[in-house]
Structure formats: structure tokens, C-alpha cells
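Colleague: Numbering (mature numbering (1 follows the signal peptide of the UniProt record, and there is no 0)), first residue to last: -16 to -1, 1 to 151. My structure is below; once you've seen it, I'll send some questions.
And the structure:
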């Protein structure tokens, strides 16, 4: 069970909270990890985001680099890195098959999360950044984004169930 909690913590950028309205997506587009990070942890977190999005790396290279990026973060256990990578790969598979605008917003969200300036902003400022991105979408694109989030949530729940069964 402890591993499942860690996986949830690490997957904060793709785990879908219940989506009663657009606020959850708006918040998530500009949200860094929930816990405050020191400079070393911030560097590791930003490097992990960059690694997760780097399509030039093979899966093995990405796993190795992610493990190196995240080893300084106390809330990440080494055996959760593989699950993080699997969830992230599934997320990007869906995003890359989405409409151009939805793909653009997700890419901009990742760009935002790899900018250390984001982590110096207040929660309100981060939310405003997420809202700017989200408001560029049409209603159909917002619906598409929600569907992607819900599919990712189901996939992550499956990964977590498998992890709990292993423990």
C-alpha cells in the first residue's frame, strides 16, 4: 500500500482527480508537486519532467535517467520509477493521438513544468497559468482533454492495483 501512495505522489501531473468541472484540469496544467521542494529537489523534479517528455530516449534510457533524476526525492522509491514511466508513456500515447490543439496545450503544460520559475509562483499565479492554457481550447477540445485524463486515471488505477497485489 505504501508503494501505491508513493506512486500517487509522483504522478501528480497526470493523476486525474475527480473532474466535476474544469477547475481540476486548470489547476493541474500549472501545478507542481504538492510538497515544497528545496533547490536540489526542484532540479531533480524539473529534470524528471524533461526526461519524461524526451522522445529521443529509448524506454530503457528513460527509465535509467528517471531513476537518476528522482533518487534525490525522498517521496519516490526506485521501484515506482517503472510505473511512473509506464503511466507517462500511456499518457503521451493518448496525447499524441489527440487533436493538434489538445496536444499543444499538454506540451505547453510540460514546458511550464520544466520552467523553474513556475515553482517560485504562488498557487494563485500557477492556477492563472493553467487557466490561460485551458482557455485556449474549444468546448470539444476541453471534452477531449477530460477524456484523456479519465483514461489515464483508469490506467494508473490499474497500475496501482497491480502494485498493491505485488506487496
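All residues carry an ideal CB built from backbone N, CA and C; glycine is no exception. Quantities reported herein were computed from a predicted structural model and do not represent experimental measurements.
#1: In angstroms with no decimal places, state the Cα-to-Cα distance between residue 40 and residue 48.
#2: Can you give the Cα-Cα distance for residue 78 and residue 100, rounded to whole angstroms?
#3: Is it buried or exposed for residue 68, if we count other Cβ within 10 angstroms and need 16 for buried?
#4: Determine the burial state of residue 33: buried for a count of at least 16 other Cβ atoms within 10 Å of its Cβ, exposed for fewer.
#5: For residue 144, report the span of its alpha helix (DSSP H) as first-last.
#6: If we ignore side chains and look at the alpha-carbon of each, how far apart do residue 80 and residue 87 end up?
#7: Give the DSSP-derived three-state secondary structure of residue 57 in the structure shown.
#8: Between the beta-carbon of residue 83 and the beta-carbon of residue 125, is there less than 8 Å?
#9: Relative to the alpha-carbon of residue 89, which residue among 122, 145, 64, 74 has its alpha-carbon at the smallest distance?
#10: Who are the near neighbours of residue 95 in its chain, counting only those whose CB is closer than 8 Å to its CB and skipping five residues on each side?
#11: Is residue 95 helix, strand or coil when you go by DSSP?
#12: Secondary structure at residue 32, three-state DSSP: helix, strand or coil?
Modeller: Well, looking at it:
#1: Answer to the nearest angstrom: the Cα atoms are 14 Å apart.
#2: 26 Å
#3: With a 10 Å radius around the Cβ and a threshold of 16 neighbouring Cβ atoms, residue 68 comes out buried.
#4: buried
#5: Residues 123 to 150.
#6: 6 Å
#7: In this structure, residue 57 counts as coil in the three-state DSSP scheme.
#8: yes
#9: For residue 89, the nearest C-alpha among the options comes from 122.
#10: none
#11: helix
#12: In this structure, residue 32 counts as helix in the three-state DSSP scheme.
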